[in-house]
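Just so you know, we're using my numbering here: the sequence shown kicks off at 621 and counts up by one. Here is the structure we will look at.
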Amino acid sequence: MIPSTPSSSRTALEILSTTDLDIDQDIEIYPVRYYHSQYNVSIEPPLGWEVEELDESTTLAFLYEPEGKGGITFVRSELRKGLSAGEANEVFIQGWLRDSEIVITHDSAYDTSQDLSGWLRAGFLSYPGKTENERRYWALASVLDNGTAYHLALLISGGGSVEIDDVFGRLADSLQIEKTEPIEVQREAALYLSSGEPITIDPALTHYGASGLIGDLFSGLVALDAQLKVRPGLAESWEVGEGGTLYTFYLHPEARFHNGRPVTAEDVLFSWERAAHPDTRSETVMLYMGDIVGVDAFHNGREESIVGVEVIDDHTLQVRIQAPIPYFLAKLTYPVAWIVDRHNVVLPNWESHPNGTGPFRHLQHLEEEVFILERNPWYYYEPPRLEYVVYLMYAGYTQRLYETGQVDYAGLTRDQLDRASDPDDGLFGKVFSGTGLCTYYVTFNTEFPPFDDPNVRRAFVHAVDRERYVEAITNGESAVGRGLLPPGMPGYSDEVVLPAYDPKSARELLTASQYFDDSQVPPPIIWTLPTSAGHYSPAAAFLVDTWEQELGVTILVEGIDWESYNDQIDAGLYGQLLNEGWCADYPDPENFLDVLFHSSSAQNHAYYDNPAFDVIIEMARSESDIEQRLDLYREAEQMLLYDAPILVLHHSAPSYGVWKQYVKGYMPSPIGVPQHASMWIER
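So, in structure tokens, the structure goes:
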């Protein structure tokens, strides 16, 4: 029962002087909740206190006062059957404060029996020969749950005080046992969706764009609407000066976190520096925020802050970028630039109860079962009309869930469209279709033989009949790849020329290479692929067969399980071939040509390095004339296709989905954007 000592050098219940705690009673409290990772229990630590979770069955965590002067121990204990909360409280005291010389005094003014399941008690410890000023004050809160007691234990020097009672009392009041069954919400007021368990909902770490759960919970300074126009977010307005290199953002005066705390410019700075800090290990921060002056230096440890971001006052922020770029605001719509609560993200397991600024806030999360969100009462724009959004995790086949009325949306195949228009069919509803801004391709690793030879790359491109590939693999539904940019993307052109299907030219190019001129044994060609149960996709099989038959080469497939595939690719641990795809994050050709193939880009998995290409791309970044800028991107795209660091295969196939008739307000968009705030249920 006795709390153990923490792993750090601080003592579990270090003596804490009441005069050291500077607590302003006039400050409004905006608590954030800490959830233990193993047990269904949570508390709201005082803001600024550090929480250290322990991997133990009894001592769950230590809570430290910000200046390290003391703390509170969070303990779990099993009980004998039939004990009340008061009895459990007393048993714990005897084990915790046991000493033959100590006199334990209970102060009845502090004893509070909430009910049979909760008890708060306080008092003093006296020592023989010690003065009254040398006695210690203790407080203990205990809560019962089915034979288990959870305790919060405080020990300080001197007497109790209003400040100490206030801190500990609020903490004790916040201790609660979490439900292990899904909370029942009013079905008529909720949008139900099928989902998998997200890998992360940390905006700094996610790779999955702005829609869905993360877009419900968080927001940034700006956002994209369904027509892909930049609109205000946490920033009510902004000004652009100094030739397009200085942005002044004015925060919405009513912007608040889910717990009611006002959002300030300091929160923006904290969020961006957290995302860019090397310890965060964000893989997207340089891609979307690297244009800000000082982000690169801070990210690489050369500066202690982002020098290009300045807090003017609580509601004003100035951001300086390296050069004028017309797509800067669009980049800030990506989650890595969104705002997090600095008091929330420092807690262990904070993703169990995120405190964001989005239109909906966390109500309950049962891992791999359900994620329930409720309307954010502090939302700074028009309040959402939906009361709840419920994500059912791994609940089953989505179409079956839709047919049985458990979810309100399901994806469709083209063959199912007739069913969705039949009122007597379970798939009946409002059908929507759209085509994403995506391109799918094979990447050639130009750093390794034989693909460091452009003739080998061109040979592999000429050898593939893309028309036949699209018909065989996508059932003819996808658009055959004509270039890197997908149809619908600004800068897309039918005039760029991709090497045509020409097996004869392919073989001639291959034999012209030093690697295949019979003077040496050709280097092995390894294709790194994600696999499921040891099998790879029909698309990969089609291409392997094509290259082996048309070119006489041998392709070795290196299979990697899906869980580690992306990490291995990001670490550069792959062979000469990769199967990749890219969908637009914002409607600008820079998001494809620059992001994927500039020599300095982390997403350049081909290691393509052409100084002439880089020069054109860098000119396009800051070109203010729209037509001239798009012409530069077309020139760069043609150069890329000639150099052939990739084999473009196809663009997005049309996608189809069906919503229940009572779901209103959805707007199809080629890029996933948050929409639930503008949707509603009308039965």
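Cβ atoms here follow ideal geometry from the backbone N, Cα and C, with glycine treated the same way.
Check: Starting from the Cα of L847, find the closest Cα among M1299, P1207, D1245 and give me that residue.; Outcome: Note on residue identity: the sequence assigns Gln, not Leu, to residue 847. Ranking the options by Cα distance to Q847, first place goes to P1207.
Check: Which word fits I834, buried or exposed, when buried means at least 16 other C-beta atoms lie within 10 angstroms of its C-beta?; Outcome: buried
Check: Please state if the CB of L813 and the CB of D1028 are separated by a distance shorter than 9 Å.; Outcome: yes
Check: Express the C-alpha separation of L760 and H935 in angstroms, rounding to a whole number.; Outcome: 41 Å
Check: Whose C-beta lies closer than 6 Å to the C-beta of A875 among residues of the same chain, with five residues either side of it excluded?; Outcome: L854, V883, Y1000
Check: Which runs of the alpha helix (DSSP H), 4 residues or longer, sit entirely within the region 1033 to 1101?; Outcome: 1037 to 1040, 1074 to 1082, 1086 to 1094
Check: By DSSP, does H919 sit in helix, in strand, or in coil?; Outcome: helix
Check: Is D642 helix, strand or coil by DSSP?; Outcome: Residue placement at D642 is flagged as unreliable, the pLDDT there being 39, under the threshold of 50; the coordinate-derived value follows with that caveat. Three-state DSSP puts D642 in coil, outside helix and strand.
Check: Expressed to the nearest angstrom, what Euclidean distance is found between the alpha-carbon atoms of I959 and E1002?; Outcome: 19 Å
Check: In three-state DSSP terms, what is A708?; Outcome: helix
Check: Taking the beta strand (DSSP E) that P1142 belongs to, which residues open and close that run?; Outcome: Run containing P1142: none; DSSP gives neither H nor E here.
Check: Where do the ends of the beta strand (DSSP E) carrying L1197 lie?; Outcome: 1197 to 1203
Check: Under three-state DSSP, which class holds V593?; Outcome: Missing from the structure shown is residue 593; the chain here goes from 621 to 1303 and no further.
Check: How long is the line joining the alpha carbons of W858 and T900, rounded to whole angstroms?; Outcome: 28 Å
Check: Should Y1156 and N1065 be called a contact, given that it needs their Cβ atoms to be closer than 9 Å?; Outcome: no
Check: Which same chain residues, not among the five before or five after S1255, have their C-beta less than 6 Å away from its C-beta?; Outcome: As written in the sequence, residue 1255 is Glu, which differs from the Ser given in the question. Here the set comprises I1236.
Check: Nearest-angstrom Cα distance between F980 and Q1026?; Outcome: 21 Å
Check: Quick check: W1300 and V1283, are their CB atoms within less than 9 Å of each other?; Outcome: yes
Check: Measuring only the C-alpha atoms, how far is H1296 from D887?; Outcome: 25 Å
Check: Just mark M1287 as buried or exposed, buried being the case when its beta carbon has 16 or more other beta carbons within 10 Å.; Outcome: exposed
Check: Could you tell me if Y684 is buried or exposed, where buried requires 16 or more neighbouring beta carbons within 10 angstroms of its beta carbon?; Outcome: buried
Check: So, is L1176 buried or exposed, given that buried needs 16 or more other C-beta atoms within 10 angstroms?; Outcome: exposed
Check: Please classify R851 as buried or exposed, where buried requires at least 16 neighbouring CB atoms within 10 angstroms.; Outcome: exposed
Check: Grouping DSSP H, G and I as helix and E and B as strand, with all else coil, what is A824?; Outcome: coil
Check: Comparing the CB of L667 with every heavy atom of the ligand NAP, is any distance shorter than 8 Å?; Outcome: The ligand NAP is not among the ligands present in this structure, which contains no ligands whatsoever.
Check: Does the Cβ-Cβ distance between G670 and P651 come in under 9 Å?; Outcome: Note that residue 670 is Glu in the sequence shown, not Gly. Taking 9 Å as the Cβ cut-off, E670 and P651 do not qualify as a contacting pair.
Check: Give the secondary structure of A759 by DSSP, where H, G and I count as helix, E and B as strand, and everything else as coil.; Outcome: strand
Check: Work out the CA separation of S1298 and G1285 for me, nearest whole Å.; Outcome: 6 Å
Check: If R1102 and D1085 are in contact, beta carbons under 8 Å, what's the gap, nearest whole angstrom?; Outcome: R1102 to D1085, Cβ: 14 Å. No contact.
Check: Please report how far the alpha carbon of T1148 lies from the alpha carbon of E1067, in whole angstroms.; Outcome: 15 Å
Check: Any idea if P1294 is buried or exposed, counting beta-carbon neighbours within 10 angstroms, 16 or more meaning buried?; Outcome: buried
Check: Scan the region 920 to 1003 and note each continuous alpha helix (DSSP H) run of 4 residues or more that stays entirely inside, going in chain order.; Outcome: 948 to 951, 962 to 965
Check: Can F948 and Y1008 be called in contact, C-beta distance under 9 Å?; Outcome: no
Check: How big is the Cα-Cα spacing for P919 and L1269?; Outcome: Checking the sequence, you will find His at residue 919 rather than Pro. H919 and L1269: Cα-Cα distance of roughly 35 Å.
Check: Going residue by residue through the region 1255 to 1291, where are the continuous beta strand (DSSP E) segments of at least 3 residues, counting only ones entirely within it?; Outcome: 1266 to 1271, 1275 to 1279
Check: With a CB to CB cut of under 7 Å and the five nearest residues on each side skipped, what residues in its chain are close to R1303?; Outcome: E808, Y1282
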